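Per my numbering: the sequence shown ends with 792, consecutive numbering throughout.
Below: the structure, in C-alpha cells.
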Amino acid sequence: MNFKSIFVCLAATLINGFCLAQTNQTAVVEDFKTSSTTQSGKQYPQVNSEGRVRTSILAPQALKVQIDIGAVKYDLIKDEKGVWTGESAPQDEGFHYYQLNIDGASVPDPGSLYFYGASRWGSGIEVPAKDQDFYALKDVPHGKISQNLYFSKITNSQRRCFVYTPPDYDKNTSTRYPVLYLQHGMGEDETGWNVQGKANLILDNLIAEKKAIPMIIVMDKGYATKPNQTPPQAGGAPAGGSGGFSAFEEVMINEIIPMIDTNYRTKADREHRAMAGLSMGANQTIQITMNNLDKFSYIGGFSGTSNFPSVAELDPATFSNGKFKDGEALNKQIKLFWLGLGTKEPNPFPGSVGAFRAMLEKAGIKYVFYQSTGTAHEWLTWRRDLFQFVPLLFK
C-alpha cells in the first residue's frame, strides 16, 4: 500500500470515527423533564423519553464526578463554571435508587428527594411507566397513612409501623375492616411501601373503581432482634438462624397484630387477615403465615419465597419441616396463595421461585402466579404485584 492509500484510509477512519461520535452525541433525545422525585424548585435530576437520567451538580474542585445507577457508573462533564452534567444510558421504567460518585465518594444527589433503600437514605428517580395510571395521584377519595409508635417488650425497643386506613374509615364508624400486613425488602424499611411502593394510591384507585374491598394495610419494619441477639449488618439478613426472622415473627404475632386489632376496627379473624411482602418480605411472609395458619388465610410472595436463595429441587415432604406436604389440607385452609415475579429478575430469583412453584405443584397446592412484563427486582414489579394481588383479597 502506498503513502497516498494509507493517507486516504486514515482520513476515512477519522471521518467515520468523527461521524460516529457525532451520532452518539446527537442520539440523546433532548426532551428532558424534571422527575416526580426531583426536589421542589430544583432543575435536576431529569428524565427524557428514552428513560435516560440526567443530573447536574456544582463541584468546581472535583476531579471526577459520575452518576451511579443500576450498578453502572456514567461520567459527568464539567463546564467552565465547575458544574458537572451528564446522563445515564436508558433505564427501565419505574423507580430506581441512584447516587453520585465524587472523587470516589458516593453521596446522594442534592437535587433528588431522599428514600430509604440499600440500607441508607439516598437518591431515587422515577422513570415514567406506560402503565403508571394505576398508581397515579387522582381526584378520588383518599385513605390516610398514620404513623404508630409502640414499645416492643420482645425487642426491648421503640418501634413504629405505618397504617393505611381506607377513605371511608372515619365516616363509617361502625364498619370493621379486613387487614393486610405488607412487608418491605432487604435494606429497606417501613417507609418503603407507602413512599416508593405507592401502596396508598394503588388502594385508593382500586377502591374508587370498586375493584378492591376497603381494607387496612399495616407496614412494619421487618428487622427485629431480641436484646441478646446480634443485630444484622447493614444490608444483611436479620438475625435469628436460617430463617432469620424469629424475633420479627414473635413481634408480628404477639405484639403487632394484637395492637392493630385493639386500636383499629378490624375483622379480627384469619378469614379477614392477609400477609404479603417483597423479596425478604416474601420470605418472611411465607414462613410466618405457614407457621400461623390459624391467623392468616391469604398469602402473597412478591419476588421471593421461603426457599430463597436456594434453587435446588424442593421436596414437600421435608421442606420447611413438612409444612407443604399435605396439599389437600392446605387448599382448605389457604384462601389464596399468590406469587409474583418480574420477567427480567436476576438470579437467583427465577430459580428459587421456580423451585418453590414446582414443589407446590408436586404437593397439589393451588396457587396463582403473575409475571410483570419487562421489569426486574425493583419497585415497578412490586407495585404491579400489589395491584394484581389486592383485588383477590377477602372475597
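The beta carbon of each residue, even a glycine, is placed where N, CA and C say it ideally should be.
Quick caveat: nothing in here was measured; it's all calculated off a predicted structure.
Distance CB(S700)-CB(E668) smaller than 8 Å:
Start at 1 with the first residue of the sequence shown, and residue 700 comes out as number 303. Start at 1 with the first residue of the sequence shown, and residue 668 comes out as number 271. No, these two residues do not count as a Cβ contact at 8 Å.
CB of S485 within 8 Å of CB of Q496, strictly:
Within the sequence shown, the letter at position 88 stands for residue 485. Within the sequence shown, the letter at position 99 stands for residue 496. Not in contact: S485 and Q496 (Cβ atoms no closer than 8 Å).
Which class does L579 belong to by DSSP, given the choice of helix, strand or coil?
Here residue 579 is taken as the residue at index 182 of the sequence shown, counted from 1. L579 falls in the strand class under three-state DSSP.
The beta strand (DSSP E) spanning F693 covers which residue range?
Within the sequence shown, numbered from 1, the residue matching residue 693 stands at position 296. No beta strand (DSSP E) holds F693; DSSP gives it neither H nor E.
Ordered list of alpha helix (DSSP H) runs contained in the region 665-743, each at least 4 residues
677-688 and 724-730
Would you identify the three-state DSSP class for G514, choosing helix, strand or coil?
Translated into the one-based positions of the sequence shown, residue 514 becomes position 117. Strand.
Looking at C-alpha atoms only, which residue of L473, G748 and M756 is the closest neighbour of D723?
The sequence position of residue 723 within the sequence shown is 326, counting from 1. Checked all of L473, G748 and M756; the closest Cα to D723 is M756.
With respect to the alpha helix (DSSP H) encompassing N602, which residues constitute its N-terminal and C-terminal limits?
Along the sequence shown, read from residue 1 onward, the residue named residue 602 stands at position 205. N602 -> alpha helix (DSSP H) spans A596 to A605.
Please name the residue in N569, D691 and A760 whose C-alpha comes closest to that of T715.
Within the sequence shown, the letter at position 318 stands for residue 715. For the residues N569, D691 and A760, the minimum Cα distance to T715 belongs to A760.
What does the Cβ neighbour count give for S571, buried or exposed, with the cut at 16 atoms within 10 Å?
Walking along the sequence shown from the start, residue 571 turns up at place 174. Exposed.
Please work out which residues of its chain come closer than 7 Å, Cβ to Cβ, to M656, disregarding the five sequence neighbours upstream and downstream, and give them in chain order.
What you label residue 656 is simply residue 259 of the sequence shown in a count that begins at 1. If we look at M656 and ignore the five residues flanking it on each side, its Cβ neighbours are Y547.
Could you give the DSSP three-state label for A773: helix, strand or coil?
Taking the sequence shown and counting its residues from 1, one reaches residue 773 at position 376. A773: coil per DSSP, three-state reduction.
Nearest-angstrom Cα distance between L777 and Q555?
One-based indexing of the sequence shown puts residue 777 at position 380. One-based indexing of the sequence shown puts residue 555 at position 158. Between L777 and Q555, the C-alpha separation is close to 31 Å.
DSSP three-state call for S549: helix, strand or coil?
Against the sequence shown, residue 549 aligns to sequence position 152. Residue state, collapsed to three classes: strand.
Would L711 and A679 qualify as a contact pair, given that the criterion is a beta-carbon distance under 8 Å?
In the sequence shown, the residue the question calls residue 711 occupies position 314. In the sequence shown, the residue the question calls residue 679 occupies position 282. Taking 8 Å as the Cβ cut-off, L711 and A679 do not qualify as a contacting pair.
Rounded to the nearest angstrom, how far is the Cβ of F582 from that of S676, given a contact under 8 Å?
The residue you call residue 582 lines up with position 185 of the sequence shown. The residue you call residue 676 lines up with position 279 of the sequence shown. Reading off the sequence shown, one finds Gly at residue 582, where the question assumed Phe. So it is a contact: roughly 4 Å between Cβ atoms.
By the 10 Å Cβ neighbour count, where 16 or more other Cβ atoms means buried, how is S446 classified, buried or exposed?
Sequence index remark: in the sequence shown, residue 446 carries index 49 (1-based). Exposed, by the Cβ-count rule.
From this set, T435, P564, S769 and M612, which residue's C-alpha is nearest L790's C-alpha?
To locate residue 790, count along the sequence shown from 1; it is residue 393. It is M612.
Any contact of the region 471-479 with the region 454-461, i.e. 3+ C-beta pairs under 8 Å?
yes
Need the endpoints of the alpha helix (DSSP H) that V479 sits in, please.
On the sequence shown, residue 479 is found 82 positions in, with the first residue counted as 1. The sequence as given places Gly at residue 479; Val does not occur at that position. Looking at the DSSP string, G479 is not in any alpha helix (DSSP H), and its letter there is neither H nor E.
Can you tell me where the alpha helix (DSSP H) holding L757 begins and where it ends?
Stepping through the sequence shown from its first residue, residue 757 is reached at position 360. Note, L757: alpha helix (DSSP H), F746 to A760.
Heavy atom of the ligand SAH within 7 Å of I522 beta-carbon
This structure does not include the ligand SAH; it has no bound ligands of any sort.
Where Y620 falls: helix, strand or coil (DSSP)
Counting from 1 along the sequence shown, the entry for residue 620 is found at position 223. It is coil, neither helix nor strand.
Please state if the CB of S520 and the CB of P538 are separated by a distance shorter than 8 Å.
Indexing the sequence shown from 1 puts residue 538 at position 141. Indexing the sequence shown from 1 puts residue 520 at position 123. No, these two residues do not count as a Cβ contact at 8 Å.
Can you find the residues in the same chain that come closer than 8 Å, C-beta to C-beta, to D567, ignoring five residues on each side of it along the sequence?
In the sequence shown, residue 567 corresponds to position 170, counting from 1. Same-chain partners within the cutoff: K541.
Mark T552 as exposed unless 16 or more other C-beta atoms lie within 10 angstroms of its C-beta, in which case mark it buried.
Against the sequence shown, residue 552 aligns to sequence position 155. It is buried - the Cβ of T552 has at least 16 other Cβ atoms within 10 Å.
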